[in-house]
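Asker: For what it's worth, the numbering used here labels the leading residue of the sequence shown as -4, then goes sequentially. From the three backbone atoms N, C-alpha and C, an ideal C-beta is built for every residue, glycine too. Quantities reported herein were computed from a predicted structural model and do not represent experimental measurements.
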Amino acid sequence: MTLIYLLILFFICLLIYQTFLAAYPTSVIEGMETNDKEKNKDLQYRDYPTDPLVCCKQNSGNIEFLKGQVDTMSINSTSINKLQTDMTALQQQVNDMGSQIAQLSQNMIGTQPPDMSAAVSTETPPGISDTDTNMNKI
């Protein structure tokens, strides 16, 4: 029981700590090392100049990225084809197992009803004389 109380206390402390961090934010912003106005200007987005060389470099980078995406798609395509082949083989195995189970049950049960003629027979079984059966009739 004390373990439960300790866990509750621990989570309450974590909640209070997170509330404290939210109420009193620190002055450090991730990724920023300084508050200098000149350095902040360098971090802002600037449009590319209309220089064709810069546009070519940008297009080159975009083409390389797209080539990587297409290569990834071709790898995924081969994986999907392999999975499809495996699924086809598994389906065939399941079908074969089903037919084997059906055949086994057919062999165990049979298609013909069991021969009940021996159970209905009026003949005396071997080893029992007619006098024994006559005694039972009296």
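(1) In angstroms with no decimal places, state the Cα-to-Cα distance between residue 75 and residue 81.
(2) Please list the terminal residues of the continuous alpha helix (DSSP H) segment that includes residue 82.
(3) Classify residue 19 as helix, strand or coil using the three-state DSSP reduction.
(4) From residue 58 to residue 51, what distance separates their C-alpha atoms?
Answerer: So, to answer that:
(1) Counting from one through the sequence shown, the residue named residue 75 turns up at place 80. Counting from one through the sequence shown, the residue named residue 81 turns up at place 86. So the two alpha carbons sit approximately 10 angstroms from each other.
(2) By one-based count along the sequence shown, residue 82 stands at place 87. Run containing residue 82: 47 to 104, per the alpha helix (DSSP H) assignment.
(3) Position 24 of the sequence shown, counting from 1, holds the residue named residue 19. Coil.
(4) As a position in the sequence shown, residue 58 is number 63, starting the count at 1. As a position in the sequence shown, residue 51 is number 56, starting the count at 1. Between residue 58 and residue 51, the C-alpha separation is close to 10 angstroms.
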